[in-house]
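> In our numbering, the protein residues as written are 81 to 342.
My questions all concern the structure below.
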Ligand SMILES: C[S@@+](CC[C@H](N)C(=O)[O-])C[C@H]1O[C@@H](n2cnc3c(N)ncnc32)[C@H](O)[C@@H]1O
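Now the structure itself:
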């Protein structure tokens with residue numbers, strides 16, 4: 081499934097609905113705090129003219145940074161391929177560019193050689209699937225200049241069994257999204273010439289079967305069939321996959337990676 085087909089499939093939860101999804105995870109300032117604090121720490125010391133949020137969705141992270149004055153004298157840009165997400169983003173001092181992360185060029189964000197970009201991203205790398213992870217990290221690196229930074233919060237797991245369980249869930253839901261083990265994501269960053277200076281945890285995202293059903297268009301019967309398959313293969317796993325009375329809950333674990341282009 082191509083990325084634009086994935087985005088189309090999820091269009092029912094994009095736009096105005098997005099901020100309320102998954103108990104408001106993506107519009108909650110407290111949940112965003114570890115990422116905002118990490119960005120603030122590195123951005124305040126960086127020589128950056130533009131802060132580019134790759135897959136910025138409805139623009140929550142950039143708006144937080146703008147409101148807190150962290151982007152002062154810098155241009156915040158939200159690059160996202162979903163028209164509905166960008167429409168819901170409004171302005172709030174943030175420029176929006178509709179485009180694919182896999183296709184964007186540095187020149188889409190800054191003019192001339194003198195300007196510097198600080199890249200950020202939250203919860204997007206999994207859209208590129210197992211096969212696409214290395215190439216997207218390389219593409220972003222190719223658009224960066226040596227010394228520029230890429231701070232991203234990405235879903236990844238402590239060990240391969242946890243990652244396999246969640247990857248099986250997405251496979252069963254017919255989604256090509258894919259989640260790595262944190263150590264393997266670190267290796268992929270390094271191989272793409274991102275020197276990882278820091279890795280810290282961020283709050284997990286709780287996914288209820290009802291919301292997953294709504295997001296991916298899966299009925300109750302199929303959700304229960306998926307639950308049985310996961311229970312047969314993995315059983316309940318604390319903080320990863322658990323049964324509820326009517327379905328199940330799964331958790332995406334997140335880490336914040338601070339990369340320096342080398
Ligand atoms: C899970 S949402 C996260 C949104 C935002 N980063 C946040 O934390 O609130 C993923 C976003 O990435 C965008 N996206 C996914 N794949 C993309 C791609 N290849 N190019 C551009 N945007 C993409 C989607 O449209 C969506 O808005």
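Note that beta-carbon positions come from the ideal geometry of N, C-alpha and C, so glycine has one too.
1. Taking residue 251 as the reference, which of 191, 302, 149 has the closest Cα?
2. Locate the alpha helix (DSSP H) running through residue 247, then write down its first and last residues.
3. Within the present structure, is the beta-carbon of residue 174 separated from the nearest heavy atom of ligand 1 by less than 7 Å?
4. Quick one: complete beta strand (DSSP E) runs, 3+ long, within the region 89-170?
5. What are the start and end residues of each continuous beta strand (DSSP E) run of 3 or more residues lying completely inside the region 250-281, in chain order?
6. Quick check: does the Cβ of residue 202 come within less than 7 Å of any heavy atom belonging to ligand 1?
7. Quick check: what's the CA-CA separation for residue 242 versus residue 321?
8. Can the beta-carbon of residue 309 be found closer than 8 Å to that of residue 289?
9. In whole angstroms, what is the alpha-carbon distance linking residue 85 and residue 188?
10. One question on the structure: do residue 287 and residue 261 come within less than 8 Å of each other, judged by their Cβ atoms?
11. Residue range of the beta strand (DSSP E) that residue 341 falls in?
12. Comparing the CB of residue 298 with every heavy atom of ligand 1, is any distance shorter than 7 Å?
13. Who are the Cβ neighbours of residue 283 in its own chain at under 6 Å, not counting the five residues just before and after it?
Result, derived from the coordinates:
1. Among 191, 302, 149, the Cα nearest to that of residue 251 is on 302.
2. Residue 247: member of the alpha helix (DSSP H) spanning 240-252, first to last residue.
3. no
4. 130-134, 155-160
5. none
6. yes
7. Going from the Cα of residue 242 to the Cα of residue 321 covers about 9 Å.
8. Going by C-beta atoms, residue 309 is not nearer than 8 Å to residue 289.
9. 24 Å
10. no
11. Residue 341 -> beta strand (DSSP E) spans 328-341.
12. no
13. 111
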